[in-house]
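Have a look at the structure below before the remarks.
Protein chains in written order, with the numbering used here: chain U, 341 to 658; chain F, 7 to 303.
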């Protein structure tokens, strides 16, 4: 089977230091992976192609890169699935949101710095048990989902927030934080949630689900970030725009059946936040001129009693 | 082809132009809409309510699905976020045991969800039910000189596993197909499946506005006359906050990228009066765009 590759190359030490694409065509077996192709290129066509890889079994997490624009592991992406239907090449690029060192090799130092920031080790208090620490089976089964993270960085590669703000902790580090907040043996939840509640933490995620889609291990980083938001609010960290937003939103839907769009920005930012309230004025004027201001009198939907009853009951058992 | 319209919150609030253009376009495409069946339906929770209480979100969505089942009609959505949140809830609600436990909270109202709902976005209905050929045949004013940049909205694209994209691969290119069907050209750029930044607008405005600036400038740089979106939340951010995005990111002057709702673009090609679709009531003026189209707002 003939397979075409288009690889983004970059070598700061050559006379062609700008990144550029190079094309390759290989004869490959049908069951081959994109990583097989890259290794074949490095061994038979161009020995200068730089890439990281090791286990070839989606365990070591070394070969995350962008394949056809999406964060993937090269070792568990089959060429037959990646080949575009129009006969075009498989486009291979280094992982996004990271500095490229050479070709497909990126600088992971900021990635590890962020993972370290969340203190990814068990912190418990009290006397040490005589034998091992005991944790309920179901808790550990739940955590197994997030513990299967192989730190490959595919989620970081595709994170929409990191594209505009490199200070964001990002999906991998936040999923790792959840692994410890969710661990019944860990006693540092309050400190952890307090830190995660700060800027660049849990509330900066835009819920775009790129990380969910990119993760090769089903870790669901965004779902973990949402769980951290819930845990932070339950622990009393409610003085953020994010927490006010989620709380007002839920109350609005729970009591009127639909969103109070007029009040939502005001209540999220906090009515007493004068500077932010003043900033809303030109937005309001522009919207008013276009006839796009939602009705300030937020009427309930027909039959809202049923929604209220459900809201009250399910919120009580939250 | 009869559907229960689930209008969502925004088409009845900050984007009334989406509601009016949807009704007019559906009438012409032969999509019959029942406007009453979902009248007492609630908001889907939009992913925000789910941050606090996923079970509450699932219960409210199960209730909405049950209302449609009771009316014997499939649901049509007109918002990527409503569609995505409904699809995700519906995946969880396919678990019989879980659905039975949720149904206990619906009993009092005499409702029960039996798992049969298959909510579809108007965009999917146009491609899968109306058909691209039928749409082409109904176009009276093709838009051959127009270049449109598609902007799906995250929830209509991800997670692909919940959105039936495996069984319906055409959904991934549905917006491009409709743009071509109305005789316009698709602009290829980086924003097609990107995030508009709306969910963090009140939380991290700076990042949100950077996303708006990035995608609208990108579309402009690739020669787009307008961007087209099936998501009113994307519309709110890309249109409503484009002026702030331009000044916050010190772009040279206004970006001036009109943002059209999906039915507004189709409506123009079907010869519907732009005013009837409230194209004159956007934050970013559509005047130059409409002049280019040789119709006055």
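Note that the Cβ used here is the ideal one computed from N, Cα and C, for glycine as well.
- Rounded to whole angstroms, the gap between the alpha carbons of residue 655(U) and residue 527(U) is 26 angstroms.
- For residue 82(F), the uninterrupted beta strand (DSSP E) segment begins and ends at 81-83.
- When the Cα atoms are used, residue 195(F) and residue 464(U) turn out to be separated by approximately 50 angstroms.
- Within the model, the alpha-carbon separation for residue 70(F) versus residue 47(F) is close to 5 angstroms.
- For residue 557(U) and residue 613(U), the gap between their C-alpha atoms comes out near 42 angstroms.
- In its chain, beyond the 5 residues on either side, 595, 596 and 597 have a beta carbon closer than 8 angstroms to the beta carbon of residue 640(U).
- Between the alpha carbons of residue 178(F) and residue 563(U) lies a distance of about 23 angstroms.
- According to DSSP, residue pairing for residue 342(U) in a beta bridge involves 367(U).
- The alpha carbon of residue 555(U) has as its nearest neighbour, out of 403(U), 375(U) and 368(U), the alpha carbon of 403(U).
- Fully enclosed alpha helix (DSSP H) runs of no fewer than 4 residues occupy 550-554 of the segment 548-572 of chain U, in order along the chain.
- Residue 549(U) counts as buried, since at least 16 other C-beta atoms from the protein chains shown sit within 10 angstroms of its C-beta.
- Look at residue 614(U): its C-beta is not under 7 angstroms from any C-beta on chain F.
- For a cut-off of 8 angstroms, the C-beta gap from residue 153(F) to residue 230(F) is around 5 angstroms, short enough to register as a contact.
- Looking only at 581(U), 506(U) and 541(U), the smallest Cα-Cα distance to residue 607(U) is reached by 581(U).
- Relative to residue 204(F), the option among 118(F), 109(F) and 216(F) whose CA is nearest is 216(F).
- Given a length threshold of 4 residues, each whole run of the alpha helix (DSSP H) inside the segment 73-148 of chain F is given here in chain order: 86-98, 102-109, 128-131 and 138-144.
- Inclusion of residue 546(U) and residue 206(F) in the CB contact set at 7 angstroms is warranted, their separation being smaller than that value.
- In the DSSP annotation of this structure, residue 200(F) is not part of any alpha helix (DSSP H), being labelled neither H nor E.
- A Cβ of chain F is located within less than 7 angstroms of the beta carbon of residue 643(U).
- A straight-line Cα-Cα distance of about 14 angstroms links residue 506(U) and residue 457(U).
- Membership of residue 44(F) in any beta strand (DSSP E) is not indicated, and neither H nor E is assigned to it by DSSP.
- Boundaries cannot be given for residue 193(F), as no alpha helix (DSSP H) includes it and DSSP labels it neither H nor E.
- For residue 183(F), the nearest beta carbon of chain U is not closer than 7 angstroms to its own beta carbon.
- Just so you know, the alpha carbons of residue 422(U) and residue 406(U) end up roughly 11 angstroms apart.
- Between residue 91(F) and chain U, the shortest Cβ-Cβ separation is not below 7 angstroms.
- Under a criterion of Cβ atoms nearer than 7 angstroms, the residues of chain U adjacent to residue 59(F) are, in order, 590, 654, 655 and 658.
- The three-state secondary structure of residue 267(F), taken from DSSP, is strand.
- In this structure, residue 202(F) keeps its C-beta atom at 7 angstroms or more from the C-beta atom of residue 141(F).
- In the three-state DSSP reduction, residue 411(U) falls in the strand class (E or B).
- For residue 482(U), the number of other beta carbons within 10 angstroms of its own is below 16, and it is reported as exposed.
- When C-alpha distances from residue 134(F) are compared across 54(F), 175(F) and 158(F), the shortest belongs to 175(F).
- Between the C-alpha atoms of residue 459(U) and residue 520(U) there is a straight-line separation of about 9 angstroms.
- Residues of the segment 9-36 of chain F whose Cβ lies closer than 9 angstroms to any Cβ of chain U, in chain order: 14, 15, 16, 18, 19, 20, 21, 22 and 23.
- Chain F has a Cβ within less than 7 angstroms of the Cβ of residue 547(U).
- Around residue 64(F), the same chain offers 95, 98, 99 and 108 as residues with beta carbons nearer than 7 angstroms, after the five sequence neighbours per side are excluded.
- Residue range 38-40 is occupied by the beta strand (DSSP E) that includes residue 38(F).
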